[in-house]
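Chemist: Residue numbers for the sequence shown follow this note's numbering, so the first one is 163 and each next one is one higher.
Heads up, the beta-carbon is just placed ideally off N, CA and C, and yes, glycines get one too.
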Amino acid sequence: MGAAPIEIEGVNHFFGEGALKRQILFDVSAEIRAGEIVIVTGPSGGGKTTLLTLIGALRHVQDGQVRVLGEDLHGASARVVGRVRKGIGYIFQAHNLLTALTAVQNVQMALYLHSDLSRTEIRRRAVEMLEAVGLGPHMDKLPKQMSGGQKQRVAIARALAGRPRIILADEPTASLDKQSGRDAVTLMHDLAKQQGVTVLLVTHDNRILDVADRIIHLEDGRLSSFTAAVAASTQHMMDMLAQHTRKGELAGHVHGLSVEQFAELLREATAECEQFLRVARKRKNQQRETKRTVSRSFRRGSTKRFTQNRGAL
Ligand SMILES: Nc1ncnc2c1ncn2[C@@H]1O[C@H](COP(=O)(O)OP(=O)(O)OP(=O)(O)O)[C@@H](O)[C@H]1O
Ligand SMILES: [Mg+2]
Numbered sequence: 163m164g165a166a167p168i169e170i171e172g173v174n175h176f177f178g179e180g181a182l183k184r185q186i187l188f189d190v191s192a193e194i195r196a197g198e199i200v201i202v203t204g205p206s207g208g209g210k211t212t213l214l215t216l217i218g219a220l221r222h223v224q225d226g227q228v229r230v231l232g233e234d235l236h237g238a239s240a241r242v243v244g245r246v247r248k249g250i251g252y253i254f255q256a257h258n259l260l261t262a263l264t265a266v267q268n269v270q271m272a273l274y275l276h277s278d279l280s281r282t283e284i285r286r287r288a289v290e291m292l293e294a295v296g297l298g299p300h301m302d303k304l305p306k307q308m309s310g311g312q313k314q315r316v317a318i319a320r321a322l323a324g325r326p327r328i329i330l331a332d333e334p335t336a337s338l339d340k341q342s343g344r345d346a347v348t349l350m351h352d353l354a355k356q357q358g359v360t361v362l363l364v365t366h367d368n369r370i371l372d373v374a375d376r377i378i379h380l381e382d383g384r385l386s387s388f389t390a391a392v393a394a395s396t397q398h399m400m401d402m403l404a405q406h407t408r409k410g411e412l413a414g415h416v417h418g419l420s421v422e423q424f425a426e427l428l429r430e431a432t433a434e435c436e437q438f439l440r441v442a443r444k445r446k447n448q449q450r451e452t453k454r455t456v457s458r459s460f461r462r463g464s465t466k467r468f469t470q471n472r473g474a475l
């Protein structure tokens, strides 16, 4: 059917004026399809948040094409921008909860944007979403009475309650422990696969890379595939190792390690390799898995299922 929910082509972006003007994004192009989960990785300052805010209609497009939910955002009117924003659930690291409102009121606030919903329906949906993220018993608490992870879950519930077609998440697991981080991304994964929601997620957290259908890498404002990025950094590492070996420093370094330090070095290297293997395997099975999951979810077809498996805090 229709076009991909996110299509960007030849996007350049600049910050600053005059002599201080600096290019941040260089000719960035990408297409993200419905139900696809794409993770954006890359070093700090590479332009990930800038790209996310352009796609989220939170920043003016300066150069290039950004089409989101069928709307062209370059030079878009306030009405178009508003329409696009309504279709997006935002999850940012600083959760921006309103401090005077309880968890359930924070989620309800987001739903008032959808003026077609009755107050009863808004309340019902807010409660359902908070239960889905395991916050049923905490929904009447104020943000200051909740932990960082709980606040992050409220932000996730708020983003999902409006039943967005796109979720934009900037480091959503940054303030979460391992299990809560895993729960949060599983929730987004289930939504993507059951309801065709498109997820674009920025992360530095290697532990969640395996939920992605595709990983893209943004470095110095330029986009590359994850494989290309891994190949480049592996090449760099091999060059360094080759130089070290020539000088005999690598052997010297290893000899100088205690048994514990050597074991730790091996553990780290093994964990990294396992992670890359998981991602590689995942990419291989990706198309088959997606097809199977989508047809399964059509048979089951409900929001309810992802309320299971959510561990309460
Ligand atoms: N409003 C702004 N004005 C000027 N420069 C900015 C602005 N926002 C970001 N930058 C600069 O643009 C570059 C990209 O920033 P961005 O926040 O997109 O990076 P990032 O990849 O999200 O980094 P991180 O992983 O640290 O969050 C950085 O050099 C940053 O200093
Ligand atoms: Mg950022």
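(1) Assign residue 205 to buried or exposed, taking buried as 16 or more other Cβ atoms, counted over all protein chains shown, within 10 Å of its Cβ.
(2) Flag this pair as yes or no: are the beta carbons of residue 362 and residue 250 separated by less than 7 Å?
(3) Is residue 228 closer than 7 Å to residue 170 when the C-beta atoms are compared?
(4) Is residue 232 helix, strand or coil by DSSP?
(5) Kindly examine ligand 2 and report whether one of its heavy atoms sits closer than 6 Å to the Cβ of residue 335.
(6) Counting only the same chain and skipping the five closest in sequence on each side, list residues whose C-beta sits under 6 Å from that of residue 301.
(7) Near residue 176, which residues of its chain fall below 7 Å by C-beta distance, leaving aside the five closest residues on each side in sequence?
(8) Please check the pair residue 364 and residue 202, which I expect to be a contact at CB under 8 Å, by giving their CB distance rounded to whole angstroms.
(9) Going along the chain, which residues put their C-beta within less than 5 Å of some heavy atom in ligand 1?
(10) Consult DSSP for residue 254 and reduce its assignment to one of helix, strand or coil.
(11) Using 8 Å as the threshold, is the segment 229 to 239 in touch with the segment 267 to 284, meaning 3 or more CB pairs across them?
(12) If you compare alpha carbons, which of 197, 210, 172, 352 is closest to residue 378?
(13) With burial defined as no fewer than 16 other Cβ atoms inside 10 Å of the residue's Cβ, what is the status of residue 382: buried or exposed?
(14) Would the segment 232 to 240 count as touching the segment 334 to 349 if we require 3 or more Cβ pairs under 8 Å?
(15) Just mark residue 212 as buried or exposed, buried being the case when its beta carbon has 16 or more other beta carbons within 10 Å.
(16) Based on the DSSP secondary-structure assignment, which residues constitute the bridge partners of residue 169?
(17) Indicate the three-state DSSP secondary structure (helix, strand or coil) for residue 182 in the structure shown.
(18) Below 7 Å between beta carbons: does that hold for residue 166 and residue 199?
(19) If we call anything under 7 Å between Cβ atoms a contact, is residue 328 one with residue 253?
(20) Just confirm the distance between the C-beta atoms of residue 354 and residue 178, as a whole number of angstroms; I'd bet it's less than 8 Å.
(21) Identify the residues that DSSP records as bridge partners of residue 331: which are they?
(22) Going by DSSP in three states, residue 295 sits in which element: helix, strand or coil?
(23) On the CB-based measure, 16 or more other CB atoms within 10 Å of its CB, does residue 129 come out buried or exposed?
(24) Looking at the unbroken beta strand (DSSP E) that takes in residue 203, where does it start and where does it end?
(25) Taking 8 Å as the limit between beta carbons, can you name the residues of its chain near residue 215, skipping five residues before and five after?
Modeler: So, to answer that:
(1) Here residue 205 corresponds to residue number 43 of the sequence shown, with the count starting at 1. Label assigned to residue 205: exposed.
(2) As a working mapping, residue 362 is identified with position 200 in the sequence shown. As a working mapping, residue 250 is identified with position 88 in the sequence shown. No; because the gap between Cβ atoms is not below 7 Å, this pair is not in contact.
(3) Here residue 170 corresponds to residue number 8 of the sequence shown, with the count starting at 1. Here residue 228 corresponds to residue number 66 of the sequence shown, with the count starting at 1. Cβ distance < 7 Å, so residue 170 and residue 228 count as in contact.
(4) In the sequence shown, residue 232 corresponds to position 70, counting from 1. Three-state DSSP puts residue 232 in coil, outside helix and strand.
(5) Start at 1 with the first residue of the sequence shown, and residue 335 comes out as number 173. Residue 335 Cβ: outside cutoff for every heavy atom of ligand 2.
(6) One-based indexing of the sequence shown puts residue 301 at position 139. The beta carbon of residue 301 sits closer than 6 Å to those of 265, 266, 292, all from its chain and outside the five residues before and after it, given in chain order.
(7) Here residue 176 refers to the residue found at position 14 when the sequence shown is read from its first residue. Around residue 176: 183, 184, 185, 186, 224.
(8) Working through the sequence shown from its first residue, we reach residue 364 at position 202. Working through the sequence shown from its first residue, we reach residue 202 at position 40. Correct: roughly 5 Å between the Cβ atoms.
(9) 177, 186, 206, 207, 208, 209, 210, 211, 212
(10) By one-based count along the sequence shown, residue 254 stands at place 92. It is coil, neither helix nor strand.
(11) Taking 8 Å as the limit for Cβ pairs, the verdict is that the segment 267 to 284 does not touch the segment 229 to 239.
(12) Within the sequence shown, the letter at position 216 stands for residue 378. For residue 378, the nearest C-alpha among the options comes from 210.
(13) Counting from one through the sequence shown, the residue named residue 382 turns up at place 220. Flag for residue 382 reads exposed.
(14) Verdict: no, contact absent.
(15) Here the question's residue 212 lines up with position 50 in the sequence shown. Counting Cβ neighbours within 10 Å, residue 212 comes out buried, since at least 16 surround it.
(16) One-based indexing of the sequence shown puts residue 169 at position 7. Answer by DSSP bridge pairing, in chain order: 193, 229.
(17) Your numbering for residue 182 matches position 20 in the sequence shown. Helix.
(18) In the sequence shown, residue 166 corresponds to position 4, counting from 1. In the sequence shown, residue 199 corresponds to position 37, counting from 1. No, the Cβ-Cβ distance between residue 166 and residue 199 is not below 7 Å.
(19) The sequence position of residue 328 within the sequence shown is 166, counting from 1. The sequence position of residue 253 within the sequence shown is 91, counting from 1. In this structure, residue 253 does not lie closer than 7 Å to residue 328 by Cβ.
(20) Within the sequence shown, the letter at position 192 stands for residue 354. Within the sequence shown, the letter at position 16 stands for residue 178. Rounded, the Cβ-Cβ distance is 36 Å, inconsistent with contact.
(21) Counting from 1 along the sequence shown, the entry for residue 331 is found at position 169. For residue 331, which the question treats as bridged, DSSP gives the partners 253, 363.
(22) Counting from one through the sequence shown, the residue named residue 295 turns up at place 133. Correct three-state label for residue 295: coil.
(23) With the chain represented from 163 up to 475, any question about residue 129 goes unanswered, as that position is not in the structure.
(24) Translated into the one-based positions of the sequence shown, residue 203 becomes position 41. Its beta strand (DSSP E) spans residues 199 to 203.
(25) Counting from one through the sequence shown, the residue named residue 215 turns up at place 53. Cβ neighbours of residue 215 beyond the five flanking positions: 221.
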